[in-house]
Amino acid sequence: MSERALSWVELRRREGEPAAADVPAELRRLFHREARPQRERHFLERADAQRQDETAQRQDVPGVLGGYCPPWIATSYRPAKARLPRPPKVLRNGQPLKPCAVYPPDDRVVYNDHNYPWGSVCKITNALGYGSGVLIGPRHVLTASHCVDWSSGGLEKIEVHLAGATSRETAYDTRAIAYTKVKGSILSTEVDEDYACLVLDKRLGEAFGWLGVKEYDSDWDDDAVWSSIGYPGDVAGGIHPIFIGNKSMDEDDWDYGSGRAMTTDADVKAGQSGSPMFAWWNYDDGSGARPWPFVTAVVSSEGPIPFIPDYKLNWCSGGADIVRLVRFAKREYP
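Each residue of the sequence shown is one higher than the one before, counting from 0 in numbering that gives the first Met the number 0.
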């Protein structure tokens with residue numbers, strides 16, 4: 000049986016980790032752009048990726064990739080809350096009218112926190128619209144495949160921790176890697192492989208940190224330990240990151256491949272596609288064991304469950320292939 004993730008109660012009892020160093024001078028001067036890069040597309044053959052992955056895992060723990068928190072960035076185990084902007088007061092003949100703003104009564108909370116891992120959230124924008132993602136390597140972002148503009152080949156703009164009118168930094172992708180080019184409506188055969196890894200033109204992960212990746216285990220079904228961060232369009236206009244925690248996932252019983260689909264009780268809306276579903280495990284990165292966040296899936300879509308077409312749930316994409324995808328991208332394009 001796989002080790003279970005830390006519960007929300009266990010995390011709430013912990014104090015955060017302070018930053019251990021200042022930002023190096025070479026990283027402070029890093030963020031300078033001269034010209035937009037060109038982006039290439041790369042689709043993996045599952046058999047080749049699995050064979051290469053088995054070779055690479057001889058030095059790694061199977062199904063696990065470690066994260067990274069720069070020593071100059073503090074760690075917190077729950078994000079600091081942010082105040083929502085007050086909706087304008089609209090009057091007609093002295094009587095108040097309801098403003099054109101919607102703040103649903105769900106579990107999502109707007110936050111503004113640059114600590115690790117909350118500051119690793121990414122908003123991804125292209126000609127099709129926008130989605131969400133998270134830093135997953137030195138210059139790598141994990142998102143949903145359907146958030147990538149596969150048709151025109153245009154670049155994706157990645158804004159790290161966009162909060163209102165400002166972001167920590169902006170980059171563009173030079174390469175998009177996936178197993179499947181998911182476009183338009185997400186088919187039932189694609190929901191278990193709806194993920195992509197973007198390779199950036201800037202090494203933002205080295206400055207702001209990245210999350211680890213872990214293969215999902217069905218032993219964790221219904222464990223309320225999962226969190227997500229992203230940019231839903233129905234909350235704060237999609238320009239402030241949200242946090243949702245203490246949620247569960249349930250692996251699809253009819254999915255037997257290396258890509259897996261999971262349902263979740265997390266509240267998600269358009270704009271949160273590509274948001275990471277992550278939990279915390281005690282993990283030793285070489286400096287001692289402490290809680291680390293590991294992504295096991297990304298938010299994909301809303302859809303029916305098998306044989307009950309009228310009953311819709313939110314779906315996530317994960318499995319062994321998501322670990323292999325990230326490992327390939329970090330190995331081939333470090």
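Each residue gets a CB set at the ideal place from its N, CA and C atoms; glycine is no exception.
- Nearest in C-alpha terms to I123, of all of E155, A223 and D112, is E155.
- Checking the DSSP bridge columns, you'll see T262 partnered with D249 and W314.
- The residue from T262, G285 and E53 with its alpha-carbon nearest to that of V190 is T262.
- S144 places its beta carbon 7 Å or farther from that of D106.
- Following the DSSP letters along the chain, one finds E205 inside the alpha helix (DSSP H) bounded by residues L203 to F207.
- Distances from the alpha-carbon of R27 to those of Y76, A162 and F207 put F207 closest.
- For the region 152-187, there is no continuous alpha helix (DSSP H) assignment of 4+ residues that stays within its boundaries.
- In the DSSP assignment, A195 falls within the beta strand (DSSP E) that extends over A195 to L199.
- In its chain, beyond the 5 residues on either side, A81, L83, A235, H239 and I241 have a beta carbon closer than 6 Å to the beta carbon of V109.
- With respect to G273, V297 sits close: the two C-beta atoms are nearer than 7 Å.
- Looking at the DSSP output, V298 bridges to C315.
- Checking the DSSP bridge columns, you'll see F242 partnered with V108 and I228.
- Taking a C-beta distance under 7 Å as the contact criterion, W279 and L10 qualify as a contact pair.
- By the beta-carbon neighbour count (other beta carbons within 10 angstroms, threshold 16), N114 is buried.
- By the criterion of a C-beta distance shorter than 6 Å, K268 is surrounded in its chain by P231 and D233, once the five residues flanking it on both sides are discounted.
- Nearest to N111 by C-alpha distance, out of V159, A126, G132 and V140, is V159.
- Per DSSP, the continuous beta strand (DSSP E) segment holding V140 begins and ends at H139 to T142.
- Taking a 10 Å sphere around the C-beta of Y255, we find fewer than 16 other C-beta atoms and assign the residue as exposed.
- According to the DSSP secondary-structure assignment, G211 is paired through a beta bridge with F293.
- When DSSP states are grouped into helix, strand and coil, G136 belongs to the strand group.
- Shown here, R27 sits in a helix according to DSSP, grouped into three states.
- Comparing alpha-carbon positions, the option among D216, W225, W314 and T173 lying closest to A328 turns out to be T173.
- About 20 Å separates the beta carbon of R45 from that of D216, a gap too long to meet the 8 Å contact definition.
- Taking G244 as the centre and dropping the five residues before and after it, the same chain places the C-beta of W7 and S226 closer than 7 Å to its C-beta, in chain order.
- Short of 6 Å from the beta carbon of A20, and not among the five residues preceding or following it, lie these beta carbons of its own chain, in chain order: P70 and W71.
- Minimum Cα-Cα distance from L197 among the listed residues E205, T179 and V147 corresponds to V147.
- For W280, no alpha helix (DSSP H) segment is defined; the enclosing uninterrupted segment is the beta strand (DSSP E) at P275 to D283.
- G66 is a Cβ neighbour of L210, given a cutoff of 7 Å.
- When rounded, the separation of the alpha-carbon atoms in E25 and R202 is 11 Å.
- About 4 Å separates the beta carbons of A177 and A195, which is inside the 8 Å limit, making them a contact pair.
- According to the DSSP secondary-structure assignment, G130 is paired through a beta bridge with I123.
- Under DSSP, L64 shares a beta bridge with V212.
- In the structure shown, the three-state DSSP call for H145 is helix.
- The distance from the Cβ of V294 to that of I135 is about 7 Å, consistent with a contact at the 8 Å cut-off.
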